[in-house]
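The next block holds one structure in the form of C-alpha cells; read it before the comments.
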Amino acid sequence: MRGAVLVAIAAAIGNMLQGWDNATIAGSLLYIKKEFNLQSEPTIEGLIVATSLIGATIITTFSGPVSDSLGRRPMLIMSSILYFISGLVMLWSPNVYFLLLARLLNGFGIGLAVTLIPVYISETAPPEIRGLLNTLPQFTGSAGMFLSYCMVFSMSLKESPNWRLMLGVLSVPSLGYFVLTTIFLPESPRWLVSKGRMMEAKMVLQRLRGVEDVSGEMALLVEGLGVGVEASIEDYIIAPANELENDHDNVFEQSQVKLLHNNEDGSMLIARPAPSSSSTVHHQSTLGQTSRQGSMVDPMVNLFGSIHEKLPGMGSMIFPTLGSMFIKDEEQQWEDDNYDQNVESNTSGVESDDNNPNSPLLQRQNTDGDKDGFIPMSHGSMFSMRQQSNLFGNELGEGANGIDIGGGWQLAYVRSEGKETGLKRIYLHQENGGNVSRRGSVVSIAEEDLGGFGHAAALVSCSVLHMEDLTGDEMVKPPEAITKRSNWAELFEPGVKHALIVGVGIQMLQQFSGINGVLYYTPQILEQAGVGVLLSNLGIGSDSASLLISALTTLLMLPSIGVAMRLMDIAGRRWLLLSTLPVLLLSLVVLVFGSIIDMGSVMNAVISTVSVVVYFCCFVMGFGPIPNILCAEIFPTRVRGLCIAICALTFWICDIIVTYSLPVMLSSIGLPGVFGIYAVVCSISWVFVYMKVPETKGMPLEVITEFFAVGAKQAASADVSNN
Numbered sequence: 008m009r010g011a012v013l014v015a016i017a018a019a020i021g022n023m024l025q026g027w028d029n030a031t032i033a034g035s036l037l038y039i040k041k042e043f044n045l046q047s048e049p050t051i052e053g054l055i056v057a058t059s060l061i062g063a064t065i066i067t068t069f070s071g072p073v074s075d076s077l078g079r080r081p082m083l084i085m086s087s088i089l090y091f092i093s094g095l096v097m098l099w100s101p102n103v104y105f106l107l108l109a110r111l112l113n114g115f116g117i118g119l120a121v122t123l124i125p126v127y128i129s130e131t132a133p134p135e136i137r138g139l140l141n142t143l144p145q146f147t148g149s150a151g152m153f154l155s156y157c158m159v160f161s162m163s164l165k166e167s168p169n170w171r172l173m174l175g176v177l178s179v180p181s182l183g184y185f186v187l188t189t190i191f192l193p194e195s196p197r198w199l200v201s202k203g204r205m206m207e208a209k210m211v212l213q214r215l216r217g218v219e220d221v222s223g224e225m226a227l228l229v230e231g232l233g234v235g236v237e238a239s240i241e242d243y244i245i246a247p248a249n250e251l252e253n254d255h256d257n258v259f260e261q262s263q264v265k266l267l268h269n270n271e272d273g274s275m276l277i278a279r280p281a282p283s284s285s286s287t288v289h290h291q292s293t294l295g296q297t298s299r300q301g302s303m304v305d306p307m308v309n310l311f312g313s314i315h316e317k318l319p320g321m322g323s324m325i326f327p328t329l330g331s332m333f334i335k336d337e338e339q340q341w342e343d344d345n346y347d348q349n350v351e352s353n354t355s356g357v358e359s360d361d362n363n364p365n366s367p368l369l370q371r372q373n374t375d376g377d378k379d380g381f382i383p384m385s386h387g388s389m390f391s392m393r394q395q396s397n398l399f400g401n402e403l404g405e406g407a408n409g410i411d412i413g414g415g416w417q418l419a420y421v422r423s424e425g426k427e428t429g430l431k432r433i434y435l436h437q438e439n440g441g442n443v444s445r446r447g448s449v450v451s452i453a454e455e456d457l458g459g460f461g462h463a464a465a466l467v468s469c470s471v472l473h474m475e476d477l478t479g480d481e482m483v484k485p486p487e488a489i490t491k492r493s494n495w496a497e498l499f500e501p502g503v504k505h506a507l508i509v510g511v512g513i514q515m516l517q518q519f520s521g522i523n524g525v526l527y528y529t530p531q532i533l534e535q536a537g538v539g540v541l542l543s544n545l546g547i548g549s550d551s552a553s554l555l556i557s558a559l560t561t562l563l564m565l566p567s568i569g570v571a572m573r574l575m576d577i578a579g580r581r582w583l584l585l586s587t588l589p590v591l592l593l594s595l596v597v598l599v600f601g602s603i604i605d606m607g608s609v610m611n612a613v614i615s616t617v618s619v620v621v622y623f624c625c626f627v628m629g630f631g632p633i634p635n636i637l638c639a640e641i642f643p644t645r646v647r648g649l650c651i652a653i654c655a656l657t658f659w660i661c662d663i664i665v666t667y668s669l670p671v672m673l674s675s676i677g678l679p680g681v682f683g684i685y686a687v688v689c690s691i692s693w694v695f696v697y698m699k700v701p702e703t704k705g706m707p708l709e710v711i712t713e714f715f716a717v718g719a720k721q722a723a724s725a726d727v728s729n730n
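The opening residue of the sequence shown carries number 8 in the numbering used here; numbering runs sequentially from there.
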C-alpha cells in the first residue's frame, strides 16, 4: 500500500498550508494593526481575517462541479498556485487593499484544498486504510499550525517583527506543493473511469497498489457508476459444491457463484441464494433480518451496522485476503504451483477453452450450474487472475479465485433471469463465520460450528455492463448513457438525497458545536491559569506569550490525532463520534460551571484549562476529521465532487455565522450562555449521529453508496407503510 500512502501524504500538504496560514494571520494581525493604524477600524481588521473565509466560500461553490468535469488533480494544482501567488502578494503588500486581495486569493486556495483533498484521498486509498489516510489532513493541518506558531513566535522576539515576512513565507512550502501536485500526484482512478479513460485508470491503480493485476478494482470502479439500479438485499449460503448439489429438497437450484478452487476435501466452495424456508439454513443473514426490522434508527444505519457487528477485525473469514489486489505474500506461491499442476493435468494434447486465448470471456460451465446461468469466477472467466482478459485490456495477474474488492467483500456476476445478455452484479460479504482453516486458497468451514454451511449478505443489482461488452476484443468502457448522464439530475436520486442529509447535517453540527468559540478564548483561559504570568517572568512579552500559548495548545492536538488515525479503521468513524461527543459535552458543561461558580482564581483557571485541553483533544479525534471523511465516502463517483462541494459550502457558511455571531452572543448572554448553547448542540449531535450516521470503515466506496440507495428506499417504504 506504499503508493497510496505516499500519494495521500503528498496531497495532505495542502491542508498543512491551510493550517500554516491560519496561524500566521492570527499572529501577524497584531503587527498589521499597528502599521496600518487599524485600532480604530475594527471593520478592516475583521475583513483581513474574513476575506479568506469569503474566498473559500466563493470557490467552494464552483469547485465540486468543476472537479467532476476537469478532474481532481487540476484543482489541486490550482490550489497550490493560488497559495503561492497569495504568499507573494502578502510579502509585497504596500497597503491594506493589496493585503485584502492576497487574502482573497489565499481563501480560493484554501477552499479548493479543504474541499477536494478528502475526496482525492478517498478515491485513491484502499478501503482497509482509507480512514487512516483521510485523517492525515487533520494531522498535517494541526502540524502546520504548530510550525507556523513557532516561526511567528521566533520572529516576534525581534525588535521589529516583519509581518510581511511572516505571511510571505507561505510561498516556500506552496512551491513544494506545486511540484508534488504536478509531478507526483496522479489523477483519481475513479474519476478517470467515470470519463471512460480506462487505460489511464489501470496504470494509476497499478502504481497505487503496487501490483500488476487490478482487474477486480477496475470492475468495482466501473460498477460504481451505476448505483441503486433495482438493488436488493439477499441471503446467500456458502458451502462445498457437493453438499449443495446433494441437497434432495432441490432448494438451491438458483444462480450460483464460485468463490474458491476447492475445499480441503477436494470440493469447490460456491455461494447460492438461500431460501428462507430451507431447513438446511440454520441462521438467517443478519443483514437480511436487519433490513426488515422496524426501528427509530435510520434503516440505513442498521444495514451498515449489521455488516460490522459480526466482524470485530478487518477482512473476512470465509473470503480470504489471499488474491486481494492489495496483498501478495509467500502463500501465493503455493497457490500458483497448485494452479500450474491443475492446468497441466487439463492439457493432455488438447487445448481446453480455459487455456485458449481466443475463447470468450464469459462462458457457461459444463455442469448443472449451466442451466442456472452461472458465470465462472475461476480461470477462463472474465475476471481470470491467470489467463488474459479483454475486459480491461490487460493480462491479469496470477493466483486469485474470485474478485476481492477489500474489506471482506467480493464482487461476482450472474446472468439475469430471462435476459440472454443481462448481468447482475453481486456484492457478497461473509457473516456468522465459524472456525476457518486455510493453506493458500484452501478454506474449510468447521461443520460443528456451521453445520457445513456459511452465510453471506449480498447486495444484488443490475450491472452497468452487458454480456456483449465482456466478450469483445476491445477494452470495456462504461456505457455512454451513464457517462453522459446529467450530474445534477442524480442529486435527486433517493440514495444521494439521503447521503446529503447526513453530510450537510454533520457539517452544520460540527461548526455549531463550539470549536470556534473555544479556539477564540483559549489564550484568555490559559492566561487566567497563570501561563502568561509565568512566561512574562521569563522575559517574554505579552504578544509573544500569546503566540507561544497557542503553539502549545496546537501541539497537544497532535498525539490525539495520532490516536484517531489508529482507531479510524479499527473502532470506526461512528464509534469515535459516539465516544468523543459526550466528552465534548462534559468539558463544555465544566467550562460553564467554571465560569459561574467562584472556586478561587487558581482553581477556576485550572478547571478551565483542563476542560479546554480535553475539548481540543477529543474534538480532533472525532468531530474534527470525521465529517470530511464521511462526506468523501458516502456519495457516488459521478456526483462526489458536486455533493462534497454542497457540504463544504455548508461548512464555510456555518463557520462565518458562528465566527461573527460570537461577539454578539457574548455581549447578550455572556460566556456561560455561549458555552451552554454549544453543549446543547453537542447533545443534538450525538442523537443525530446515533440515528443517522452509519459506520463506513473498511467498506469499498461503491458498496457504501449502494447501501445508501437501498437504505433510502427502505426508509421510504417504511414511511409509506406507517402512513
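C-beta: ideal position from N, C-alpha, C; glycine also.
This structure is a prediction, so every number in the text was calculated from the model and none was measured.
Q.
Considering only DSSP beta bridges, list what D411 is partnered with.
A. Position 404 of the sequence shown, counting from 1, holds the residue named residue 411. Answer is Q417.
Q.
Let me check understanding here. Comparing Cα to Cα, which of S470, M628 and P134 lies closest to P707?
A. On the sequence shown, residue 707 is found 700 positions in, with the first residue counted as 1. Comparing Cα positions, the closest option is P134.
Q) Which one of G53, I136 and G118 has the shortest CA to CA distance from M8? A) As a first step, residue 8 is located in the sequence shown; it is residue number 1 there, counting from the start. Selected option, being the one with the closest Cα: I136.
Q: Answer yes or no: do V176 and L554 have a C-beta to C-beta separation smaller than 7 Å?
A: Residue 176 sits at position 169 when you count from the first residue of the sequence shown. Residue 554 sits at position 547 when you count from the first residue of the sequence shown. No, the Cβ-Cβ distance between V176 and L554 is not below 7 Å.
Q | Expected contact under 8 Å - CB spacing of L123 and S70 to nearest Å | A | The count along the sequence shown starts at 1 and reaches residue 123 at position 116. The count along the sequence shown starts at 1 and reaches residue 70 at position 63. Contact flag correct, Cβ pair sits at about 6 Å.
Q: Check whether the stretch 587-606 touches the stretch 173-190, taking contact to mean three or more Cβ pairs, one atom from each stretch, closer than 8 Å.
A: no
Q.
Here's the rule: buried if 16 or more other CB atoms are within 10 angstroms of the residue's CB, otherwise exposed. What is Y434?
A. Within the sequence shown, the letter at position 427 stands for residue 434. Y434 should be labelled buried.
(Q) What does the alpha-carbon distance come out to for the pair G440 and A419? (A) Here residue 440 refers to the residue found at position 433 when the sequence shown is read from its first residue. Here residue 419 refers to the residue found at position 412 when the sequence shown is read from its first residue. Legend: pLDDT at G440 = 43, less than 50; position of this residue unreliable, no value from coordinates given.
Q: Go ahead and pull the three-state DSSP assignment for W27.
A: In the sequence shown, residue 27 corresponds to position 20, counting from 1. DSSP places W27 in helix when its eight states are reduced to three.
Q.
Let me check understanding here. Comparing Cα to Cα, which of R204, F623 and T712 lies closest to C650?
A. Here the question's residue 650 lines up with position 643 in the sequence shown. The option with the nearest alpha carbon to C650 is T712.
Q) Taking buried to mean at least 16 other C-beta atoms within 10 Å of its own C-beta, is I676 buried or exposed? A) Within the sequence shown, numbered from 1, the residue matching residue 676 stands at position 669. Label assigned to I676: exposed.
Q: Return helix, strand or coil for I604, following the three-state DSSP convention.
A: Counting from one through the sequence shown, the residue named residue 604 turns up at place 597. I604 falls in the coil class under three-state DSSP.
Q. So does the stretch 23-32 actually touch the stretch 145-159, counting three or more Cβ pairs closer than 8 Å?
A. yes
Q: Please classify E194: is it buried, with 16 or more other beta-carbons within 10 angstroms of its beta-carbon, or exposed?
A: Within the sequence shown, the letter at position 187 stands for residue 194. Result: buried.
Q: Specify the secondary structure class of L559 as computed by DSSP and reduced to three states.
A: For this step, residue 559 is matched to residue 552 along the sequence shown. Note: L559 maps to helix in three-state DSSP.
Q: Compute the distance between the beta-carbons of G10 and R197, then report whether it is under 7 Å.
A: Position 3 of the sequence shown holds residue 10. Position 190 of the sequence shown holds residue 197. Cβ atoms of G10 and R197: not closer than 7 Å.
Q: Note the first and the last residue of the continuous beta strand (DSSP E) segment covering A246.
A: Taking the sequence shown and counting its residues from 1, one reaches residue 246 at position 239. That run of the beta strand (DSSP E) goes S239 to P247.
**Q.** Cross-strand partners of C469 (DSSP beta bridge)
**A.** Numbered from 1 along the sequence shown, position 462 holds the residue referred to as residue 469. Note: C469 sits in a beta bridge opposite K431.
Q. Among V687, V700 and S668, which residue has its Cα nearest to the Cα of N635?
A. In the sequence shown, counting from the first residue as 1, residue 635 sits at position 628. The residue with the shortest Cα to Cα distance from N635 is V700.
Q: Determine the closest residue to L83 out of L192, W659, S167 and P144, with distance taken between C-alpha atoms.
A: As a first step, residue 83 must be located in the sequence shown, where it is residue number 76. It is L192 whose Cα lies nearest to the Cα of L83.
Q | Proximity below 7 Å, CB of Y682 to CB of L595 | A | Working through the sequence shown from its first residue, we reach residue 682 at position 675. Working through the sequence shown from its first residue, we reach residue 595 at position 588. Reading off the sequence shown, one finds Phe at residue 682, where the question assumed Tyr. Yes, the pair counts as a contact, with Cβ atoms nearer than the cut-off.
**Q.** C624 CB to nearest heavy atom of the ligand FMN below 6 Å
**A.** Absence of the ligand FMN is noted for the structure shown, with no ligands found whatsoever.
Q. Do you know how far the Cα of K720 is from the Cα of W416?
A. As a working mapping, residue 416 is identified with position 409 in the sequence shown. As a working mapping, residue 720 is identified with position 713 in the sequence shown. So the alpha carbons of these two residues sit roughly 22 Å apart.
Q: Note down, in chain order, each residue of its chain lying with its Cβ closer than 7 Å to the Cβ of E640, except the 5 sequence neighbours on either side.
A: Here the question's residue 640 lines up with position 633 in the sequence shown. So the qualifying residues of the chain are S129, T703, L708 and I711.
Q: Check each candidate in V619, I568, A571 and S93 and name the one with the smallest Cα separation from T560.
A: As a first step, residue 560 must be located in the sequence shown, where it is residue number 553. Per the Cα distances, V619.
Q: Look at the alpha carbon of V471 and the alpha carbon of A722, and state the distance between them as a whole number of angstroms.
A: Your numbering for residue 471 matches position 464 in the sequence shown. Your numbering for residue 722 matches position 715 in the sequence shown. Taking the straight line from one Cα to the other gives about 25 Å.
Q | F630 at chain C interface by Cβ criterion, 7 Å | A | Of the protein chains in the structure, only one exists, and it is not chain C.
**Q.** G600 to P679 span [Cα, whole Å]
**A.** Here residue 600 refers to the residue found at position 593 when the sequence shown is read from its first residue. Here residue 679 refers to the residue found at position 672 when the sequence shown is read from its first residue. As written in the sequence, residue 600 is Phe, which differs from the Gly given in the question. For F600 and P679, the distance between alpha carbons rounds to 8 Å.
Q. At which residues does the alpha helix (DSSP H) containing E640 begin and terminate?
A. On the sequence shown, residue 640 is found 633 positions in, with the first residue counted as 1. Unbroken alpha helix (DSSP H) run through E640: I633 to E640.
Q) Taking DSSP as the reference, what is the three-state secondary structure of D360? A) Looking up residue 360 in the sequence shown gives position 353. Low per-residue confidence applies at D360: pLDDT is 38, beneath 50, and the placement is therefore not dependable enough to give any value.
Q) What's the gap between the Cα of V511 and the Cα of I410? A) Taking the first residue of the sequence shown as position 1, residue 511 is located at position 504. Taking the first residue of the sequence shown as position 1, residue 410 is located at position 403. Between V511 and I410, the C-alpha separation is close to 34 Å.
Q | Per-residue DSSP class, three states only, for F278 | A | Numbered from its first residue, the sequence shown carries residue 278 at position 271. In the sequence on display, residue 278 carries Ala and not Phe. Three-state result, A278: strand.
**Q.** Own chain partners of D576 with C-beta closer than 8 Å, once the 5 adjacent residues on each side are dropped
**A.** Within the sequence shown, numbered from 1, the residue matching residue 576 stands at position 569. Cβ within range, chain order: E135, I136, R137, G138, L139, M321, K704 and G705.
Q. Given K504, which residues of its chain have a CB within under 8 Å of its CB, disregarding the five upstream and five downstream residues?
A. Translated into positions along the sequence shown, residue 504 becomes position 497. Closer than 8 Å at the Cβ level, and outside the excluded window around K504, lie L498 and A719.
Q. Is the CB-CB distance between E221 and L212 below 7 Å?
A. Here residue 221 corresponds to residue number 214 of the sequence shown, with the count starting at 1. Here residue 212 corresponds to residue number 205 of the sequence shown, with the count starting at 1. In the sequence on display, residue 221 carries Val and not Glu. The answer is yes: Cβ separation under 7 Å.
Q) Which residues in the same chain as M97 place their Cβ atom closer than 6 Å to its Cβ, once the five residues preceding and following it in sequence are excluded? A) Looking up residue 97 in the sequence shown gives position 90. Result list for M97: A109, L174 and G175, in chain order.
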